[in-house]
Amino acid sequence: MNQKRTFFTVLVLMALIGILTAVLRHTISGTPFFPGQSTSVWLVEARVDFEATGGPVTASLSLPGLKTPGFALYEEQAASPGYGFSILEENDNRRAEWTKREATGEQSLYYSAHLVESDQDNSSDVGKPAGENRNVAWEAAQELAAKEVLDRARETSSSPQSLTRELIKLLNSPASNQNTALLRSDNVDQAELVMNLLGREGIATRSVMGLYLEDARRRQTLTPMIEIHTGREWLLVNPQTGEVGIPANLLLWHRGGVSVLDVSGGGKSQVAFSMIKQTVPAAQLAKAQNSGSIFSRLGVHGLPIEEQSMFKFLLLLPLGAAVVVFMRVMIGLKTSGTFMPILIALAFLQTSLVPGLISFISVVAMGLALRSYLSRLNLLLVARIATLIVLVIFIISALSIIGYHLGYSTGMTITFFPMIIIAWTIERMSILWEEEGSQEVLIQGGGSLVVAVLAYLIMQTQLLNHLTFNFPELNLVLLALILAMGQYTGYKLTELRRFRAMDEL
Amino acid sequence: MSKRWVSLRRLRQLGMLGMNCRNVDFINRYNDRKLFPLVDNKLKTKLLAQEYDVPTPSLRCVVREQHEISHIERQLADMDSFALKPAKGSGGKGIVVVIGRKGDDFVRSSGALLSLADIRRHMSNILAGLYSLGGASDVAIVEDLVAFDDCFSGYSYEGVPDIRIIVFQGYPVMAMLRLATHASDGKANLHQGAVGVGLSLDDGRCLNAVQFSKSVKTHPDTERSLSDIQVPGWRDILVLAAQCCDMTGLGYIGTDLVLDKALGPQLLELNARPGLSIQVANGRGLLPRLRHIEGLTGRRRLSPEQRVDYCMRHFVAVGGQSQPGIL
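Just so you know, the sequences run in chain order A and B.
Under the working numbering, think of the first position of the first sequence as 875, with each following residue one higher.
Under the working numbering, think of the first position of the second sequence as 6, with each following residue one higher.
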């Protein structure tokens, strides 16, 4: 009794560990419990080109923060043969730095980042950190013009952001007056001009470089933007349109006064961006996001893709095994060969159900017909089974070829059936036929097929497929279940029928 | 009116032993795996029985190698009747009973003729492991045919009636007589269509009879009334069965015995995984008796005879009806 209790305690513990690990994996790595959830991933590549002059080269490129409004960075790489590469972080700024002792001629350096759209708060950081309150010395004429423009804008506004908006509206208005024309003539860059004007109003501003993300664009450049401080928070403003707030597809690449790209030891430097949008299942994303965590090491995802696809099948086997145990222990269905149904079910996974069933039944039926002839030949058992294997291969090849010529490509998938197992099944069934009659063959063959179909239906369920592959620890629960069924001493369902004569007494 | 299903409650009430329970609580617990070969291999059982002086049909020859088959006719020359069996066969598979000769051919119990080539092919199949569990290679044994006792004449069709007794911890707990029928092709296996006759443990009287899980009153082929059956020399039979437990060391076995006209009860074979149909034939479950034996103290001190006497006293059935309080 005591032993039994320990056994069941261990089972419960096992199941709990499995479930807890799965929940932990879910919360920590974000692997979803349900399949089919996908997220957009942007692959952005920055290409730095310059001409090296022959001496030591240091190229430094500003990088987006790990978390920028609307996006989260989860993977970055640099490809630059021959260069030393590192990512430097100071304060809020991250910079990629490529270094080389000696370089001449055209140089191309690549940096690529995977960014996920995230729904983090879209506002810039609160507070009043490193911004600048520009105080430019204006020329007398410009001073006057700036004052005029600002006065007009101030009249129709109430807050820093509305002032900015009005200011940009004035600067953009097609009926531009002398004042705006005068201001423009000197400051070509509108962002600079707006910042200078706002500085004169005592409003803190920062310059920002943003990148508009559009699918499959190449040779894009950064768009200058400004941020203004409203007294409580920083707001992003588009200096061209006066729009306030961060557009959904804008990636804030660079912030602050430092230059985006610095190259020493080279000239004609420029940076260009290309980007592509991918829709990645959330599961795959979680995998990449946590490539360093313990869960990814305990998971299957760390393996090469080829091995992974094999594991996908392997991890399904426990499900099939559980079905077989259930059907035999609890229901009491007879099958020919204990685990043959799982192998058939695995084959069904490749062929899909109906073609699989048809081809399996036809192969076995033909095999049985041929086997009945073999029994007259008086062969040794091993030779007979070997003959059967060869015959099964003939049958399968013939069916594939005929199927192909008739235009059914499904005929080809017949090769997924485990031939040796089929040969043995045919042999067993033929013996069964001779000894116990056709009825027993139908019972056991039918039982095997029922179990196989059931195992197939369970194994091909999207959800279970997803769970066993992404949460291998859930197999512990399955194991506990199988062990518990192994201790079941109650009646089988079929025994209620088998002992039916007991009711008459 | 025969129902298609029996309720769970009824099974529990009768103390029916289910397959899962048998495997987990009795076979796994009382039968040591390493002793299984003693009963799974009929040759070993036979040699063991000879050592313990347990009567068994005498062994005529053993065919171990393929090449011995080619001159098997010399071995069979002086035998008119014999039984050819695979040593590791299960469920009566692969057993050929030859009852006489007709020219060069052998006459099977069913009346069918077998040529020498058929015999050879059958032996070759046996050696290759066709009838053994898992297809392991096997040996063929040829033994004397039992001249079965006349007391069963008219009760068995084309085959030897045998007595199956479940022995638990050395105590015979349930018995049944298995009668071959035309449907069972001379075999004594219930699932193949043999008639199972439950026997009362105190005197070997018929309690109830079933075929294909249905109650029968007469033998389907010979029409003889089954309720008249009373096995002679009942106590000796039970003692022989009880000895088999001491001989093998297995705690839960099915013993298959036959009654020879001249030699009395003979051990035919043992089974470490005896079937459950004996309960249907007896109209009662095994569990109450098994649990009763489990609860006995000092059960190992008793001799086979004492154990048999205990069972004959305690496991008395009244008329095939199961009544509360009676094991």
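Positions of the beta carbon are idealized from the N, C-alpha and C atoms, including for glycine.
Separation of residue j from residue i, as counted between CA atoms
i: A/V1380; j: A/D1025; result: In this structure chain A extends from 875 to 1379, so residue 1380 of chain A is not present and cannot be described.
i: B/T302; j: B/K219; result: 38 Å
i: A/K1002; j: A/R1080; result: Low confidence applies to A/K1002: its pLDDT is 46, below 50, so where it sits in the model is not reliable enough to give any reading.
i: B/K93; j: A/T905; result: 53 Å
i: B/K51; j: B/F173; result: 21 Å
i: A/S998; j: A/R1106; result: Note on A/S998: pLDDT 48, under 50, position unreliable in the model; no value is reported.
i: A/V1197; j: A/F907; result: 22 Å
i: A/F1345; j: A/L894; result: 11 Å
i: B/L119; j: B/H297; result: 49 Å
i: B/I104; j: B/T186; result: 17 Å
i: A/S960; j: A/V915; result: 24 Å
i: A/R1245; j: A/G1311; result: 15 Å
i: B/D149; j: B/T61; result: 9 Å
i: B/R65; j: A/M1333; result: 54 Å
i: A/V1266; j: A/A1219; result: 19 Å
i: A/G1206; j: A/S1274; result: 36 Å
i: A/F1373; j: A/M1201; result: 19 Å
i: A/A1078; j: A/E991; result: 29 Å
i: A/K1366; j: B/A82; result: 50 Å
i: B/V112; j: B/R106; result: 6 Å
i: A/V931; j: A/L983; result: 12 Å
i: A/L1254; j: B/S137; result: 15 Å
i: B/Q326; j: B/I171; result: In this prediction, B/Q326 scores a pLDDT of 45, lower than 50, which makes its location untrustworthy; no coordinate-derived value is stated.
Cβ of residue i within 8 Å of any chain B Cβ
i: A/F882; result: no
i: A/G1364; result: yes
i: A/V1203; result: yes
i: A/V1264; result: no
i: A/Q1361; result: yes
i: A/R879; result: no
i: A/A1375; result: yes
i: A/E1369; result: yes
Sub-8 Å separation of residue i and residue j beta-carbons
i: B/D265; j: B/R169; result: no
i: A/W1382; j: A/E1101; result: Since the first residue of chain A shown is 875 and the last is 1379, residue 1382 of chain A is not available in this structure.
i: B/P166; j: B/A247; result: no
i: A/L1390; j: A/E1314; result: Since the displayed chain A opens at 875 and closes at 1379, residue 1390 of chain A lies outside it and no answer follows.
i: B/L132; j: B/V68; result: yes
i: B/N25; j: A/G892; result: no
i: A/E1040; j: A/T1054; result: no
i: A/A970; j: A/A952; result: yes
i: B/A277; j: B/F87; result: no
i: A/L989; j: A/A1019; result: no
i: A/L935; j: A/V1134; result: yes
i: A/L1357; j: A/L885; result: yes
i: A/V1141; j: A/E925; result: Per the sequence presented here, residue 1141 of chain A reads as Gly, with Val not at that position. In this structure, A/E925 lies closer than 8 Å to A/G1141 by Cβ.
i: B/L212; j: B/T223; result: no
i: B/G203; j: B/N130; result: no
i: B/P293; j: B/G23; result: no
i: A/F1343; j: A/K1186; result: yes
i: B/G159; j: B/M181; result: no
i: A/V1132; j: A/G1073; result: no
Proximity test, Cβ basis, 8 Å: residue i and chain A
i: B/G164; result: no
i: B/W342; result: Since the displayed chain B opens at 6 and closes at 332, residue 342 of chain B lies outside it and no answer follows.
i: B/L64; result: no
i: B/A82; result: no
i: B/K219; result: yes
i: B/G280; result: no
i: B/G288; result: yes
i: B/L13; result: yes
i: B/L16; result: yes
Check: residue i C-beta below 7 Å from any heavy atom of the ligand PLP
i: B/L291; result: Looking for the ligand PLP in the displayed structure turns up nothing, as the structure carries no ligands at all.
**OP:** With 9 Å as the limit, tell me which residues of the region 21 to 32 of chain B have their beta carbon closer than that to any beta carbon of chain A; keep them in chain order.
**Re:** M21, G23, M24, N25, C26, R27, N28, V29 and D30
Original post:
Taking only runs of the alpha helix (DSSP H) that begin and end inside the region 157 to 214 of chain B, which ones reach a length of at least 4 residues, in chain order?
Top reply: none
**OP:** Identify each residue in the region 183 to 203 of chain B for which the Cβ-Cβ distance to at least one residue of chain A is less than 8 Å, and report them in chain order.
**Re:** Q197
Original post:
What are the uninterrupted segments assigned as alpha helix (DSSP H) that are 4 or more residues long and contained completely in the region 118 to 145 of chain B, given in chain order?
Top reply: 121 to 133
**OP:** Give, in chain order, every unbroken run of the beta strand (DSSP E) that is at least 3 residues long and sits entirely within the region 970 to 997 of chain A.
**Re:** 978 to 991
Original post:
What are the residues of the region 103 to 116 of chain B that lie near chain A, defined by any Cβ-Cβ distance shorter than 8 Å?
Top reply: none
**OP:** Could you please tell me which residues of the region 127 to 145 of chain B, in chain order, have their CB closer than 8 Å to any CB of chain A?
**Re:** S129, N130, A133, G134, L135 and G140
**OP:** Residues of the region 208 to 234 of chain B with a CB closer than 8 Å to any CB of chain A: list them in chain order, please.
**Re:** N213, V215, S218, K219 and S220
Original post:
Hey, which unbroken runs of the beta strand (DSSP E) at 3 residues or more fall wholly within the region 240 to 265 of chain B?
Top reply: 257 to 265
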